[in-house]
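Novice:
Residue numbers (the numbering used here), protein chains in the order written: chain H, 74 to 212; chain C, 13 to 534.
1. Can you check whether the CB of residue 64 of chain C is closer than 8 Å to the CB of residue 131 of chain C?
2. I'd like to know whether the C-beta of residue 92 of chain H is nearer than 8 Å to at least one C-beta of chain C.
3. When Cβ atoms are compared, which residues of the region 161-173 of chain C fall closer than 8 Å to chain H?
4. Taking Cβ-Cβ distances shorter than 7 Å, what residues in chain C pair up with residue 166 of chain H?
5. If the cut-off is 9 Å on Cβ atoms, which residues from the region 152-182 of chain H count as contacting chain C, listed in chain order?
6. DSSP state of residue 174 of chain H, grouped into three classes?
7. Taking residue 524 of chain C and residue 227 of chain C to be in contact with their CB atoms under 8 Å, please state how far apart those CB atoms are, rounded to whole angstroms.
8. At a Cβ threshold of 8 Å, is residue 185 of chain H touching chain C?
9. At a Cβ cut of 7 Å, what residues of the region 260-293 of chain C count as close to chain H, listed as they run along the chain?
10. Can you name, in chain order, every residue of its own chain whose Cβ lies under 6 Å from the Cβ of residue 71 of chain C, other than the five neighbours on each side?
11. Consult DSSP for residue 134 of chain C and reduce its assignment to one of helix, strand or coil.
12. By alpha-carbon positions, which one of C:311, C:135, C:340 and C:468 ends up nearest to residue 321 of chain C?
13. Is it a yes or a no for the region 363-383 of chain C touching the region 512-519 of chain C, going by three-plus beta-carbon pairs under 8 Å?
14. What is the DSSP secondary structure of residue 36 of chain C, counted as helix, strand or coil?
15. Shortest alpha-carbon distance to residue 199 of chain H belongs to which of H:89, H:186, H:138 and H:76?
16. Pull out every residue of the region 53-79 of chain C whose Cβ sits closer than 9 Å to any Cβ of chain H, in chain order.
17. Between C:426, C:90, C:356 and C:463, which lies nearest to residue 389 of chain C when the distance is taken from Cα to Cα?
18. Distance, Cα to Cα, residue 301 of chain C vs residue 99 of chain C?
19. Does the Cβ of residue 487 of chain C have 16 or more other Cβ atoms within 10 Å, making it buried, or fewer, making it exposed?
20. Residues of the region 113-143 of chain C with a CB closer than 8 Å to any CB of chain H: list them in chain order, please.
21. Over what stretch of residues does the alpha helix (DSSP H) that includes residue 398 of chain C continue unbroken?
22. Between the region 31-45 of chain C and chain H, which residues of the former have CB atoms less than 8 Å from a CB of the latter, in chain order?
23. Is there at least one Cβ from chain H nearer than 8 Å to residue 159 of chain C's Cβ?
24. Spatial neighbours of residue 239 of chain C within its chain, please: C-beta separation below 6 Å, excluding the five flanking residues on both sides.
25. For a contact defined as C-beta to C-beta under 8 Å, what are the partners of residue 147 of chain H on chain C?
26. If we cut at 8 Å on Cβ distances, does residue 528 of chain C have a partner in chain H?
27. Using only the alpha-carbon positions, how far apart do residue 223 of chain C and residue 105 of chain C sit?
28. Compute the beta-carbon to beta-carbon distance between residue 81 of chain C and residue 38 of chain C, rounded to the nearest angstrom, for a pair I have assumed lies under 8 Å.
29. Inspect the beta-carbon positions of residue 407 of chain C and residue 377 of chain C and report whether they are closer than 8 Å.
30. Of the choices H:123, H:127, H:112 and H:156, whose alpha-carbon is the least far from that of residue 194 of chain H?
31. Decide if residue 268 of chain C is buried, meaning its Cβ has at least 16 other Cβ atoms within 10 Å, or exposed.
32. With distances taken between CB atoms, is the gap from residue 158 of chain C to residue 116 of chain C smaller than 8 Å?
33. Output, in chain order, the set of chain H residues within a Cβ distance shorter than 8 Å of residue 93 of chain C.
34. To the nearest angstrom, how far is the alpha carbon of residue 88 of chain C from that of residue 359 of chain C?
35. I'd like to know whether the C-beta atoms of residue 97 of chain H and residue 149 of chain H end up nearer to each other than 8 Å.
36. Output yes if chain C places a C-beta closer than 8 Å to the C-beta of residue 116 of chain H; else output no.
Set out below in structure tokens:
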């Protein structure tokens, strides 16, 4: 798979796909998309980079072990529900704040925190499997 | 017109929610805590020295949480919390009655024991494979199953514990472990699929998954809907999970392969989750269908008991023998389910709690014995009594407890079950329980005589040459032994608890009331 064309295009493709995955993640609250599908897109971006340039550069690039990323996502999702304790509502209730940044109202919610957690779980878990499979391929 | 506006008013009342009291967070806290700590431990996967230092205090706190929940439920009745401010039956409810809280507290105690024992039993490789994260996540699954009030959510928690159990089974990826794990995984996936099929069928019939809602609607639908088919499907799925005859063959095939602490945890907790689901769904939601099936359940129970203990008698490996004793105990609990009377159900509940503690402790004892004598094989063991009399004495207590002899915790639930069977004239079921007790006594007597009482075989390294027993393992064993002795000598509180829990199953009105307070008050 290490053709010149693929190798030179892979970094651009990967960065584009990661960017798109974040876009899909953020639009997911009201429109098709969300943490799960966004995470899948990001994981496949990392897989493409791994196929083109080898697994070691991918592991260097994401810095943390994929499993640790997944674990952090799980932690974040669970904590998003715990925020409800301060509002006196049941676990996992959606809580919203509307801060104004540079005159633009930005709706932020615990649902978003949960969704980002899901995104990280999916990225971590799937890329952990994909990178392990690609490593095995090289032997 | 007046009637219509009245109806509207009622609806608006229903949408006003009381603020959630801080104590009510105990309903979900055990599960969230397990998931959070599991995630933290997974992030620290490479720090094998830190993991037990975080996990063991976290498990101790989990025990306090579940005990607090038990006290809270005992004082203020069944509690319910519906996630995300959705109203039941649309939101997912966690509903905790005495049965769920009692099992949750017992299983948390067992998990704490496993966490402490695992410190010496699981080496660095096992920890890097994630023993402690899997332990926390399997506890999340088990506690979630005990505390949830939604039948599909129950399925999800079964999946959580199943996936964590796969991880624990193959800790270290040895060939023998993979062999055991494949059998375990395949048969458990069939059971889970059956559970899912039955749940889909239930949703088609009832249009709801909330257990309290099902309990209300079951009486209306009984005349028209094919509930017998549904309940039989559930019975098969959960009997497979609980390892009841004739779908028990996966348990002896896999329970002796993983690390000892994992076997201990599985033997104590996993099959009991199946029993819990049977009690909850057959005992509480569909009592009439259970009554129809009771003869079938009773026959399966008697066969499970007798064949289980006969399998145990035939084994040479102590771990295999204990695996068959787990099955035999499941038969005793199924007998209580078949009886269905308050005494029968409370006997089954008490026996399940006893079995959680004692089966785990027995595996710990086998592990300690193997460390002292160097082997799990009965043919080559011997002289353990002279090597360490205190361990031998604790093991003897566990043996008597599992056989159902006084004054240990196995005695009381068996008495309750025998009496309940004789009350309805099921002398053969009472006979099966008593014969099982006799055969269990012979089985454990044989292990005791061969491994502990017999002089050590020639050429055996003497006690001084062996590495000393780890303090943690001995403490975990001693703690669980203390529980079974305490529950045997002073049985009134636990018996009262089990009887209250059984009453809650037979009359689910308190359960329904906690989920639908508005509807019930009208």
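Positions of the beta carbon are idealized from the N, C-alpha and C atoms, including for glycine.
Here the structure is a predicted model, which means the values were calculated and not measured.
Specialist: Straight from the coordinates:
1. Against a cut-off of 8 Å, the Cβ pair of residue 64 of chain C and residue 131 of chain C comes out as a contact.
2. Answer no: the Cβ-Cβ gap between residue 92 of chain H and chain C never drops below 8 Å.
3. So nothing in the stretch comes that close.
4. The answer, in chain order, is 96 and 97.
5. Those would be 152, 154, 155, 157, 158, 160, 161, 162, 163, 164, 165, 166 and 167, in chain order.
6. Note: residue 174 of chain H maps to strand in three-state DSSP.
7. Beta-carbon to beta-carbon, residue 524 of chain C and residue 227 of chain C are separated by about 6 Å, close enough to satisfy the 8 Å threshold.
8. Chain C contact via Cβ: absent.
9. Cβ contacts with chain H: none found.
10. Answer for residue 71 of chain C: 123, 124 and 127, listed in chain order.
11. DSSP places residue 134 of chain C in coil when its eight states are reduced to three.
12. It is C:340 whose Cα lies nearest to the Cα of residue 321 of chain C.
13. As far as the Cβ criterion goes, the region 363-383 of chain C does not touch the region 512-519 of chain C, which means the pair count is below three.
14. If DSSP states are grouped into helix, strand and coil, residue 36 of chain C belongs with the helices.
15. The shortest C-alpha separation from residue 199 of chain H is found at H:138.
16. Residues are counted here when their Cβ sits less than 9 Å from a Cβ of chain H; for the region 53-79 of chain C these are 53, 54, 55, 56, 57 and 58, given in chain order.
17. Checking every option, the nearest Cα to that of residue 389 of chain C belongs to C:463.
18. Taking the straight line from one Cα to the other gives about 29 Å.
19. Residue 487 of chain C comes out exposed.
20. Of all residues in the region 113-143 of chain C, none is placed with a Cβ closer than 8 Å to any Cβ belonging to chain H.
21. Per DSSP, residue 398 of chain C belongs to the alpha helix (DSSP H) from 396-399.
22. Cβ contacts with chain H come from 31, 32, 34, 37, 40 and 44.
23. Under the Cβ distance rule, residue 159 of chain C does not count among the residues neighbouring chain H, no pair being separated by less than 8 Å.
24. Once the five neighbours on either side are set aside, the close Cβ partners of residue 239 of chain C are 301.
25. The CB of residue 147 of chain H comes closer than 8 Å to the CB of 47, 50, 51 and 54 in chain C, given here in chain order.
26. Not an interface residue.
27. Using only the alpha carbons, I get a separation of about 9 Å.
28. Residue 38 of chain C and residue 81 of chain C do touch by the CB rule: their CB atoms are close to 4 Å apart, below 8 Å.
29. Taking 8 Å as the Cβ cut-off, residue 407 of chain C and residue 377 of chain C qualify as a contacting pair.
30. A check of alpha carbon separations from residue 194 of chain H across H:123, H:127, H:112 and H:156 identifies H:112 as the nearest.
31. With 16 or more Cβ atoms within 10 Å of its Cβ, residue 268 of chain C is classed as buried.
32. Closer than 8 Å, so yes.
33. Ordered by position in chain H, the residues that pass the 8 Å Cβ test against residue 93 of chain C are 163 and 164.
34. When rounded, the distance between both Cα atoms is 24 Å.
35. No. Outside cutoff.
36. With 8 Å as the cut-off, residue 116 of chain H does not count as an interface residue toward chain C.
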